[in-house]
Amino acid sequence: MNRSAQVLRVSIASVLMLILSHSAALAMEAQVVYLEGLVDINPRGGGRAAAYIGDEVRGGDSVITGRDGFAELERGDYTTITVEPDTIFTVDSVGEKGKERDVLRCTLGSVAYRFEQIAGAQEPYLTTPSAGAGIRGTELTVAAGEDGSSLFVVRSGEVEVEAEGKTVTLGPEEGVEVRPGEQPGEKFEVKRGQIDYSNWRQERREAFIDDPVAAARGLERRFDGFVTQVTTLAPLLAELRRALEQEREKLIKIGEEQGQEARTKYYKETVQPIEGETFNTYITLRYYAKSAFSIRRFVLGRMYVAVKTAYIDDLSHSRYQQFIKIHNTILQKFTTEVLPHLTDADLM
Amino acid sequence: MRKLIVRTICFGTLLLLLAGCAGMPVSQRESSVENLLYELEQRDPQGAAHLTHIPFLFDGEVLTTEQDAQLMWQNLSASGFLSQAKLLNLQSASPADYPRFADTAEVRVFFEHTLPENPSFAEIATPYGRFLLLLYGKKIGYPIVVGVKGPMK
Numbered sequence: 006m007n008r009s010a011q012v013l014r015v016s017i018a019s020v021l022m023l024i025l026s027h028s029a030a031l032a033m034e035a036q037v038v039y040l041e042g043l044v045d046i047n048p049r050g051g052g053r054a055a056a057y058i059g060d061e062v063r064g065g066d067s068v069i070t071g072r073d074g075f076a077e078l079e080r081g082d083y084t085t086i087t088v089e090p091d092t093i094f095t096v097d098s099v100g101e102k103g104k105e106r107d108v109l110r111c112t113l114g115s116v117a118y119r120f121e122q123i124a125g126a127q128e129p130y131l132t133t134p135s136a137g138a139g140i141r142g143t144e145l146t147v148a149a150g151e152d153g154s155s156l157f158v159v160r161s162g163e164v165e166v167e168a169e170g171k172t173v174t175l176g177p178e179e180g181v182e183v184r185p186g187e188q189p190g191e192k193f194e195v196k197r198g199q200i201d202y203s204n205w206r207q208e209r210r211e212a213f214i215d216d217p218v219a220a221a222r223g224l225e226r227r228f229d230g231f232v233t234q235v236t237t238l239a240p241l242l243a244e245l246r247r248a249l250e251q252e253r254e255k256l257i258k259i260g261e262e263q264g265q266e267a268r269t270k271y272y273k274e275t276v277q278p279i280e281g282e283t284f285n286t287y288i289t290l291r292y293y294a295k296s297a298f299s300i301r302r303f304v305l306g307r308m309y310v311a312v313k314t315a316y317i318d319d320l321s322h323s324r325y326q327q328f329i330k331i332h333n334t335i336l337q338k339f340t341t342e343v344l345p346h347l348t349d350a351d352l353m
Numbered sequence: 190m191r192k193l194i195v196r197t198i199c200f201g202t203l204l205l206l207l208a209g210c211a212g213m214p215v216s217q218r219e220s221s222v223e224n225l226l227y228e229l230e231q232r233d234p235q236g237a238a239h240l241t242h243i244p245f246l247f248d249g250e251v252l253t254t255e256q257d258a259q260l261m262w263q264n265l266s267a268s269g270f271l272s273q274a275k276l277l278n279l280q281s282a283s284p285a286d287y288p289r290f291a292d293t294a295e296v297r298v299f300f301e302h303t304l305p306e307n308p309s310f311a312e313i314a315t316p317y318g319r320f321l322l323l324l325y326g327k328k329i330g331y332p333i334v335v336g337v338k339g340p341m342k
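From first to last, the protein sequence lines are chains A and B.
Residue numbers for the first sequence follow the numbering used here, beginning at 6 and rising by one.
Residue numbers for the second sequence follow the numbering used here, beginning at 190 and rising by one.
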């Protein structure tokens, strides 16, 4: 076999491995078991359509509910996810300690989760525009407001809410609020049924309308955090890809000079770990890029339409001008730092 | 004989009218767009949101929820945005025309993959300047709003 054919064979094998790994990353599936009102599924790759009972929600897909929409999803491992009205909920994944971990993102609205603890199974990671949460056998509700704030309320189990380098551990009947770009606030006690999430969302909407500039600044801080991760990981990924290419060339040479056994040994000991690291870095970078995109489109987008239409009769107003300056700065960073790591399918 | 000629002319005219209706989508008919502007002004925000495609564009933003549409019409109605709106011109649109809305990757992808059938650009004059509406198809006889951009310089 000539050298170029060997390079081709190794490349095809690697691509297949990446595709298979990526399929695993998209393997998280949930099924729509109940719905009311307007509920759409926006699949990864576009083609938004009305949801029906029995539809599957896969990795990369979003469930978007209307003002009267409500959906209940179930996973095979006894997880129940309830998507409340006017909510954007997305299933994603992130690379973590050499494995992929499911990420469930509530960008706007509120989502209630009930997870049954399964021995050996890794619990998903929950995110909102302002915080992330690790869980252990938990029943909780997560709400995301129009100003980018979020609220975590635990019914049972334990939740670690993390934002801006600070972690707050919540036990049963405890909650915490996180403002965008800030650390979690003080945790508080919550009696069952005490919190009205639609009231909380209304309060956050009013706070945003009162001071859209402060809300946009907070959102920008959070967005910047994701951009920093993207810009840190991008050169690392490029370096890993270069190293992988060199090692694959070397692998072919070893095969030619020392035979199949030496080639297999070199692949397992040297090439395979770099392939794994490259894939995990890629998945993690994509996770941060998609998190930044989620803030940019769903939260900043709604802020923009709310603020511009409110000031349509006076676009020279200083508050509108301050808001638009922050908006444009976020867009600029999005275009230069994040967009190169997204595909057209992500933007649909 | 005369009766037959009159009938034939009437029937022919009716056929021509029907053919005209079938040939031109409502989003590209001036009278339909003018009716839409009137209807958007008359309806409450929820009613106006029903005449808006989800997802839709607002300047360079892709808005994805029903609440976004209602919020937009609620604020625009409160400002009297459509109170004296006049249609200035109407042109058909195509995916290649995305820079007319916003020259960004997101708007390009929207035009390439999400833009519904028979799209058109309607330029309107409002009390707050000239705006560009992106319209498509029909719903109960009206075109549907897929995008709002403005005020244009």
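Quick reminder that beta carbons are idealized off the backbone N, C-alpha and C, glycines included.
Counting C-beta neighbours from all protein chains within 10 Å, is the total for B:Glu219 16 or more, i.e. buried, or is it exposed? exposed
Going by beta-carbon coordinates alone, are B:Ala237 and B:Leu226 separated by less than 8 Å? no
What residue from B:Gly339, B:Pro340 and B:Val335 has the CA that sits closest to B:Leu252's CA? Checking every option, the nearest Cα to that of B:Leu252 belongs to B:Val335.
Taking a Cβ distance cut-off of 9 Å, strictly less, list which residues of the region 244-256 of chain B are near chain A, in chain order. Pro244, Phe247, Asp248, Gly249, Glu250, Val251, Leu252, Thr253, Thr254, Glu255 and Gln256
So, A:Leu347 versus A:Thr286, is the Cβ gap smaller than 8 Å? The answer is no: Cβ separation not under 8 Å.
Could one say the Cβ of A:Leu352 lies closer than 8 Å to chain B's Cβ atoms, at least one of them? yes
Mind checking which residues open and close the beta strand (DSSP E) that includes A:Ser135? From DSSP, A:Ser135 is part of no beta strand (DSSP E); its letter is neither H nor E.
Let me know if A:Ala168 comes out buried or exposed under the rule of 16 or more other beta-carbons within 10 Å of its beta-carbon. buried
So, using beta-carbon positions, are B:Tyr325 and B:Pro305 closer together than 8 Å? yes
Find the nearest neighbour of A:Lys102 within the set A:Phe284, A:Asp318 and A:Ala149, judged by alpha-carbon distance. A:Phe284
On the DSSP bridge list, what partners appear for A:Asn47? A:Ser67
Assuming B:Ser281 is part of the beta strand (DSSP E), what are its boundary residues? Lys275 to Ser281
Could you tell me whether any Cβ in chain B is nearer than 8 Å to the Cβ of A:Arg307? yes
Could you tell me if A:Gln359 is buried or exposed, where buried requires 16 or more neighbouring beta carbons within 10 angstroms of its beta carbon? Since the first residue of chain A shown is 6 and the last is 353, residue 359 of chain A is not available in this structure.
Mind reading off the beta-carbon distance from A:Val108 to A:Pro134? Whole number of angstroms is fine, and I expect it under 8 Å. Between A:Pro134 and A:Val108 the Cβ distance is about 13 Å, and since that is not below 8 Å, they are no contact.
Can you tell me whether A:Val343 is helix, strand or coil according to DSSP? A:Val343 falls in the helix class under three-state DSSP.
Between A:Thr341 and chain B, is the shortest Cβ-Cβ distance under 8 Å, so that the two count as touching? Chain B, which has no Cβ nearer than 8 Å to the Cβ of A:Thr341, makes this no.
If you follow the alpha helix (DSSP H) that A:Gln337 is in, where does it begin and where does it stop? Ser323 to Lys338
Can you tell which of A:Asp216, A:Ile335 and A:Ala221 has the C-alpha that lies nearest to the C-alpha of A:Pro185? A:Ala221
Short CB-CB distance (under 8 Å) between A:Val5 and chain B: Residue 5 of chain A lies beyond the residue range present for chain A, which begins at 6 and ends at 353; the question has no answer from this structure.
For A:Ala350, count neighbouring Cβ atoms within 10 angstroms of its own Cβ and tell me buried if that reaches 16, exposed if not. exposed
Excluding five sequence neighbours on each side, which residues of the same chain lie with their C-beta closer than 7 Å to the C-beta of A:Pro189? Ala136, Val166, Ala168, Lys171, Val173, Val181 and Val183
With a Cβ-Cβ cutoff of 8 Å, do A:Thr84 and A:Gly114 count as a contact? no
Applying a beta-carbon distance threshold of less than 9 Å, which residues of chain B neighbour A:Asp318? The contacting residues are Ser268, Gly269, Phe270, Pro316 and Tyr317.
Just how far apart, CA to CA, sit A:Gln234 and B:Ser221? 50 Å
Would you mind sorting A:Glu250 into buried or exposed? The rule is 16 or more other CB atoms within 10 Å of its CB. exposed
CB contact flag (B:Ala344, B:Gly249, <8 Å): As shown, chain B starts at 190 and ends at 342. That puts residue 344 of chain B outside it, with no answer to give.
So what does A:Arg268 bridge to, in DSSP terms? DSSP, once it has assigned bridges, lists no residue as partnering A:Arg268.
Ignoring anything shorter than 4 residues, give me the alpha helix (DSSP H) runs that lie fully in the region 232-289 of chain B, in order along the chain. Runs of the alpha helix (DSSP H) inside the region 232-289 of chain B: 234-239 and 255-267.
Could you spell out the range, first to last residue, of the beta strand (DSSP E) harbouring A:Thr95? Counting along the chain, the beta strand (DSSP E) containing A:Thr95 begins and ends at Ile93 to Glu101.
C-alpha distance - A:Tyr292 paired with A:Phe298, whole-angstrom precision: 10 Å
I need the straight-line Cα distance from B:Ala208 to B:Val215, nearest angstrom please. Here B:Ala208 scores only 46 on pLDDT, less than 50, and its place in the model should not be relied on; the value that follows carries that caveat. Near 13 Å, if we compare the C-alpha coordinates of B:Val215 and B:Ala208.
Can you tell me where the alpha helix (DSSP H) holding A:Thr233 begins and where it ends? Pro217 to Gln263 is the extent of the alpha helix (DSSP H) around A:Thr233.
Identify each residue in the region 86-107 of chain A for which the Cβ-Cβ distance to at least one residue of chain B is less than 8 Å, and report them in chain order. Asp91 and Ile93
List the residues of chain B whose Cβ lies closer than 7 Å to the Cβ of A:Thr314, in chain order. Met261, Asn264 and Leu265
Nonlocal neighbours in the same chain, by C-beta distance under 6 Å from A:Thr95, ignoring five residues either side: Ser67 and Arg110
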